[in-house]
Ligand code: SAH
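Numbering (the working numbering), first residue to last: 205 to 445.
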């Protein structure tokens, strides 16, 4: 089973784009994943091939039509999850990325203009996903972000098999700080413990740094991490999800 990314977009020429270079690019060329951009406009039905129309109720910009989007979605739908890029969606997480990477692939719907006619989310099984609290001009960059995060987890894509497990977010914490040679740079040295060769001490130092840095830099993550530790795993708190 090859991980297959189908991207529904008005700008198919944006793919694979940056995913055609480096590790993702090599994996693509070697058949480690497939990239299939699809032009949404091919599913327009009127003679002007229009994909959008003015917002009901007035206001600036244009809205992508539900009928055209549905035809595009239906043409590629299979057992893969369908994600739509929208700032109104659930924030993308490393946990969701891991689930997607473990499956057969993903279908990504990219918005433009003012976004999607809301009825597409009622008429089709589509997961709304945001990549952060800021506004992009289109969903394509978000799709590239999502796909990059998934592809680096596919078997054989990253060099060292273990280099994924320690990363920020994988443990619910930020990663500890990293250092490399030279030992002395502008009078700043690498923490002594990292040169001690004492693996237990190094692990303890890294754990403590990861915890302190997460607490100071990302109090939101820290709270969730601590919450998960004190809450029973059955998680009475999760009933809202
Ligand atoms: N009017 C919309 C924003 C439209 S931006 C709103 O205020 O919610 C145009 C398109 O860019 C969106 O349809 C979406 O596909 C994409 N986009 C913009 N910001 C995004 C984000 N933070 N996450 C994911 N996709 C985003």
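For each residue, glycine too, the CB sits at the ideal point set by N, CA and C. In this text, all values refer to a predicted model and were calculated from it rather than measured experimentally.
| query | result |
| --- | --- |
| Cα separation between residue 443 and residue 254? | With a pLDDT of only 46 at residue 443, under the threshold of 50, the placement of this residue in the model should not be trusted; the figure read from the coordinates follows. Approximately 42 Å, taken between the alpha carbons. |
| Looking only at C-alpha atoms, which of 250, 275, 326 and 224 sits nearest to residue 212? | 275 |
| Should residue 325 be listed as close to the ligand COA, given that the test is whether its C-beta is under 7 Å from any heavy atom? | Among the ligands modelled here, namely the ligand SAH, the ligand COA does not occur. |
| Determine the DSSP secondary structure at residue 289, reduced to helix, strand or coil. | strand |
| So, under 8 Å CB-CB, residue 209 and residue 351 are touching, yes? Tell me the CB distance rounded to an integer number of Å. | 5 Å |
| For the region 303-350, which segments carrying the alpha helix (DSSP H) assignment without a break, of at least 4 residues, lie completely within its bounds, in sequence order? | 323-327 |
| Within 10 angstroms of the Cβ of residue 386, are there 16 or more other Cβ atoms? Answer buried if so, exposed if not. | exposed |
| Within a Cβ cutoff of 8 Å, which residues of the same chain sit near residue 320, ignoring the five residues on either side of it in sequence? | 267, 268, 270, 273, 288, 290 and 313 |
| Tell me the rounded alpha-carbon separation between residue 358 and residue 237. | 8 Å |
| Can you give the Cα-Cα distance for residue 401 and residue 389, rounded to whole angstroms? | 21 Å |
| Would you kindly work out how many angstroms separate the C-alpha atoms of residue 297 and residue 305, rounded to a whole number? | 12 Å |
| Ordered along the chain, which non-local residues of its own chain (more than five positions away) have a Cβ less than 7 Å from that of residue 245? | 214, 253 and 255 |
| Three or more C-beta pairs closer than 8 Å, one from the region 376-384 and one from the region 400-419: is that the case here? | yes |
| Which two residues bound the contiguous beta strand (DSSP E) that contains residue 357? | Unbroken run through residue 357: none, as it is neither H nor E. |
| Is it the case that the Cβ atoms of residue 342 and residue 315 are separated by a distance below 8 Å? | yes |
| May I ask you to list the residues that DSSP assigns as paired with residue 211? | 241 and 312 |
| Could you check the C-alpha separation between residue 445 and residue 233 for me, to the nearest Å? | Caution is warranted here: a pLDDT of 45 is assigned to residue 445, below 50, making its placement in the model unreliable, and the coordinate value is therefore given only provisionally. About 39 Å. |
| Residue 259 to residue 302, Cα distance in whole Å? | 36 Å |
| Buried or exposed: residue 369, going by 16 or more other Cβ atoms within 10 Å of its Cβ? | exposed |
| Is residue 340 near the ligand SAH, judged by its Cβ being under 7 Å from some heavy atom? | yes |
| What would DSSP say about residue 393, mapped onto helix, strand or coil? | strand |
| Identify whether residue 294 lies in helix, strand or coil by the three-state DSSP scheme. | strand |
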